[in-house]
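Count along the sequence shown from 1, then add 349; that gives the number in the numbering used here.
Written below as structure tokens is the structure these notes are about.
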Amino acid sequence: GSAGGGGVMAGFTDGCLMGEISSSPLQNMVCDAAFKCDRDQQAQLLGNVVLSGGGTCLEGLPDRLRDEVEAIIHTHTPGWRVKVLAPALPERAVCSWLGGSILASLGSFHDMWMTKAEYEEHGAALVHRKCP
350 GSAGGGGVMA
360 GFTDGCLMGE
370 ISSSPLQNMV
380 CDAAFKCDRD
390 QQAQLLGNVV
400 LSGGGTCLEG
410 LPDRLRDEVE
420 AIIHTHTPGW
430 RVKVLAPALP
440 ERAVCSWLGG
450 SILASLGSFH
460 DMWMTKAEYE
470 EHGAALVHRK
480 CP
């Protein structure tokens, strides 16, 4: 997410197939992720695209991504605006690590842990009970 509501996290994996590497262009992944959501949420998601991680530190990427995503969405929904949020380059490169560090420092985080034995017994659905 991002400030001001939900967002589309722009990364290098497909949002529905976490862990599988995608060869789709980044702008297509952003649009596909937004268009898989309810229609009434799509504009808000596209207004809160967040870039993070070392792979997003290419010069001019936020502006280029915004322009390319708008070019795609304007064929379907003219007038929608895309906003790409990107921290400064040094921070952007380590945002994932910063977020993980903040999460791990929360007092309640240990309640969300799952052991290998718990995972093998209950499967991935256990995350919904441990992290409501």
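Think of the CB as a built atom: it goes at the ideal place given N, C-alpha and C, for glycine as much as any other residue.
Identified DSSP bridge partners for residue i
i      : result
LEU434 : VAL399
Terminal residues of the alpha helix (DSSP H) in which residue i lies
i      : result
HIS477 : 475 to 479
MET378 : 375 to 384
CYS444 : 444 to 454
GLU469 : 465 to 471
ASP412 : 410 to 422
CB of residue i within 8 Å of CB of residue j, strictly
i      : j      : result
ALA383 : LEU394 : yes
MET450 : GLY402 : Before going further, note that residue 450 is Ser rather than Met in the sequence given. Not closer than 8 Å, so no.
MET461 : LEU475 : no
VAL399 : VAL379 : no
GLY409 : LYS432 : no
CYS406 : ALA442 : yes
TRP429 : ILE422 : yes
PRO411 : ALA435 : yes
Any non-hydrogen atom of the ligand NAD within 7 Å of residue i CB
i      : result
LEU407 : Annotation note on the ligand NAD: not contained in the displayed structure, which lists no ligands.
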